[in-house]
Each structure stands twice: as structure tokens, then as C-alpha cells.
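One structure is given here, and the rest of the page talks about it.
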Amino acid sequence: MRKIVFVLALIILQFSYVFAGGEEEDDPGVESRYVLGAGFTWANNPRLLGGHFDFGIVLYRRILYIQNDFLLRAGGLAVDGSDYSVFTLSDKIIFGRNSESPLKIYTYFEGGLGIYGNDAKQFFADSAAVTFGFGGGGEISSEEFGGLYFEVGYLGQKTSLKYPVSGVILQTGWRIFF
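Just so you know, our numbering puts 26 at position 26 of the sequence shown, and the rest follows in order with no gaps.
Next comes the structure, spelled out in C-alpha cells:
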């Protein structure tokens with residue numbers, strides 16, 4: 001029952017931007033409603049190197065802001081002497097304090113699904129991966145030029161491999177607003 005409630009809550013949060021009030025004419029200082037970002041990803045257990053791309057929708061922006069990002073992450077890792085590629089699609093909810101300062105600090109929670117494989121284990125052949133994570137980050141940005149961000153957190157991935165794929169994750173990259 002808890003899983004169903006959790007999935008329903010994620011679906012509601014994903015589409016709540018449609019009903020999220022606070023149109024741009026209500027707050028003339030808000031010019032951008034969407035965010036695009038891309039960057040580098042590193043995790044430590046096992047060492048995962050790769051990249052990510054995200055598309056975000058600002059759900060609410062007053063004193064606090066809430067943003068819903070759809071995150072596509074791809075990377076490579078070595079498990080038991082075999083190299084694997086992992087592709088995941090996650091939903092990331094970001095909570096932060098909105099300010100006029102170019103420095104913004106936030107926290108996030110994410111969860112998603114993906115696949116993995118290598119030469120011996122084909123993609124889509126019993127190779128599902130479930131991810132979950134949380135952390136925080138900082139961003140130095142402006143509405144006109146975008147900004148540099150840095151995130152530190154925990155990423156857990158449950159795969160059908162016997163080896164755990166979880167640990168500290170570092171992400172850095174550039175975001176633009178439109």
C-alpha cells in the first residue's frame with residue numbers, strides 16, 4: 001500500500017505545475033519557467049563515471065521555490081571485472097530558497113528506473129535498475145546567462161546484480177533558464 005501511495009504522490013507532483021498558480025503576470029520578477037541542464041556525474045560505490053541531462057519545470061517560486069526535474073543519467077561502472085553501462089530516467093524534486101542573490105542553495109529527492117548491460121548481458125534482458133537518492137546543492141546563476149551548479153548526495157541503485165550500487169554522488173554542470 002505504501003508503494004502505491006508513493007507512486008501516486010510522485011505522479012501528482014509531476015503534473016501539479018499545471019495547477020500551480022503563480023502565473024508570470026502575478027510575479028513580474030519571474031521570467032523563466034523551464035530549466036535545461038547538463039553535466040558530469042561521479043559516484044563512488046562502485047566508481048560510476050558518466051553524464052546527465054535534465055529538463056526542469058518550476059512549480060512554485062516565491063520565497064521558496066519548488067522545481068520538478070526529469071533527469072536522464074548515463075554512465076559506466078566496473079563490477080567483478082566486467083564493465084557495465086547504466087541508463088536511468090529519474091524524477092527529481094528540488095526545494096530551495098529563492099533570493100535575489102546569484103547564489104542559490106537547495107535540497108533534492110529523486111527516484112527513477114533504468115536499464116544496464118554489457119557485452120555478455122544484453123539491455124532489456126532482465127536488467128532493470130531502480131534508483132533513489134537525496135542530497136543538496138548550490139548554484140551560481142542569473143536568469144540571463146544560466147549558471148554553474150554543484151550537487152553532493154546519496155544515490156542508491158537496485159539491480160539484479162549481487163553487487164550493491166550505492167554511495168556518494170557528485171554532479172556538476174551548467175543550467176540555462178527559459
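Ideal placement from N, C-alpha and C gives every residue a C-beta, glycine not left out.
*Find out if the Cβ-Cβ distance for the pair Thr172, Leu155 is shorter than 9 Å.*
As a position in the sequence shown, residue 172 is number 172, starting the count at 1. As a position in the sequence shown, residue 155 is number 155, starting the count at 1. Cβ atoms of Thr172 and Leu155: not closer than 9 Å.
*Let me know the secondary structure DSSP gives Glu139 once reduced to three states.*
Taking the sequence shown and counting its residues from 1, the one referred to as residue 139 is at position 139. DSSP places Glu139 in the strand class (E or B) of the three-state scheme.
*Glu151 lies in the beta strand (DSSP E); which residues open and close that run?*
In the sequence shown, the residue the question calls residue 151 occupies position 151. Element bounds for Glu151: Gly146 to Lys158.
_On the DSSP bridge list, what partners appear for Phe40?_
Taking the first residue of the sequence shown as 1, we reach residue 40 at position 40. Within the DSSP bridge table, the entry for Phe40 names Gly51 and Thr172 as partners.
*Would Gly50 count as contacting chain C if we go by Cβ distances under 9 Å?*
Structure shown: chain C not included; a single protein chain is present.
_Can you give me the C-alpha to C-alpha distance between Gly153 and Ala120, rounded to a whole angstrom?_
On the sequence shown, position 153 is the one that residue 153 refers to. On the sequence shown, position 120 is the one that residue 120 refers to. Looking at the backbone, the Cα of Gly153 and that of Ala120 are separated by about 31 Å.
*asked:* At the level of alpha carbons, what is the spacing between Asp80 and Ser32?
replied: Along the sequence shown, read from residue 1 onward, the residue named residue 80 stands at position 80. Along the sequence shown, read from residue 1 onward, the residue named residue 32 stands at position 32. If I take the Cα positions, the gap works out to 46 Å.
_Assuming Ile66 is part of the beta strand (DSSP E), what are its boundary residues?_
Position 66 of the sequence shown, counting from 1, holds the residue named residue 66. Leu64 to Val79 is the span of the beta strand (DSSP E), which, as asked, contains Ile66.
*asked:* Looking only at its chain, what residues have a beta carbon closer than 6 Å to the beta carbon of Leu48, apart from the 5 residues adjacent to it on each side?
replied: The residue labelled residue 48 in the question sits at position 48 within the sequence shown. Only residues of its own chain outside the window of five on either side were considered, and among them Gly75 and Leu77 have a CB closer than 6 Å to the CB of Leu48, listed in chain order.
*Using 10 angstroms around the beta-carbon of Tyr235, count the other beta-carbons present and answer buried if the total reaches 16, otherwise exposed.*
Here the chain has residues from 1 to 178 only, and residue 235 is not among them.
*With 16 other CB atoms within 10 Å as the buried threshold, where does Phe178 fall?*
On the sequence shown, position 178 is the one that residue 178 refers to. Exposed, because fewer than 16 other Cβ atoms sit within 10 Å of the Cβ of Phe178.
*Any chance you could list the beta strand (DSSP E) runs of at least 3 consecutive residues sitting entirely within the stretch 95-126, in chain order?*
If only uninterrupted beta strand (DSSP E) runs of at least 3 residues are considered, those enclosed by the stretch 95-126 are 103-117.
*Taking only the alpha-carbon atoms, compute the straight-line gap between Arg46 and Val165 and give it to the nearest angstrom.*
Walking along the sequence shown from the start, residue 46 turns up at place 46. Walking along the sequence shown from the start, residue 165 turns up at place 165. The residue you asked about is not Arg; residue 46 is Pro in the sequence shown. Roughly 6 Å between the two C-alpha positions.
_Length of the line joining the Cα atoms of Glu139 and Ser101_ = The sequence position of residue 139 within the sequence shown is 139, counting from 1. The sequence position of residue 101 within the sequence shown is 101, counting from 1. When rounded, the distance between both Cα atoms is 10 Å.
*asked:* Is the beta carbon of Val35 closer than 9 Å to that of Asp91?
replied: Within the sequence shown, residue 91 is the residue found at index 91, counting from 1. Within the sequence shown, residue 35 is the residue found at index 35, counting from 1. Taking 9 Å as the Cβ cut-off, Asp91 and Val35 do not qualify as a contacting pair.
*Taking just the CA atoms, how far does Ser82 sit from Gly22?*
Position 22 of the sequence shown, counted from the start, is the residue given in the question as residue 22. Position 82 of the sequence shown, counted from the start, is the residue given in the question as residue 82. Bear in mind that a pLDDT of 44 at Gly22, under 50, signals an unreliable position, so the number given afterwards is only what the model happens to contain. If I take the Cα positions, the gap works out to 50 Å.
*What separation, rounded to the nearest whole angstrom, lies between the Cα atoms of Gly133 and Trp174?*
Here residue 133 is taken as the residue at index 133 of the sequence shown, counted from 1. Here residue 174 is taken as the residue at index 174 of the sequence shown, counted from 1. Looking at the two C-alpha atoms, the distance is approximately 20 Å.
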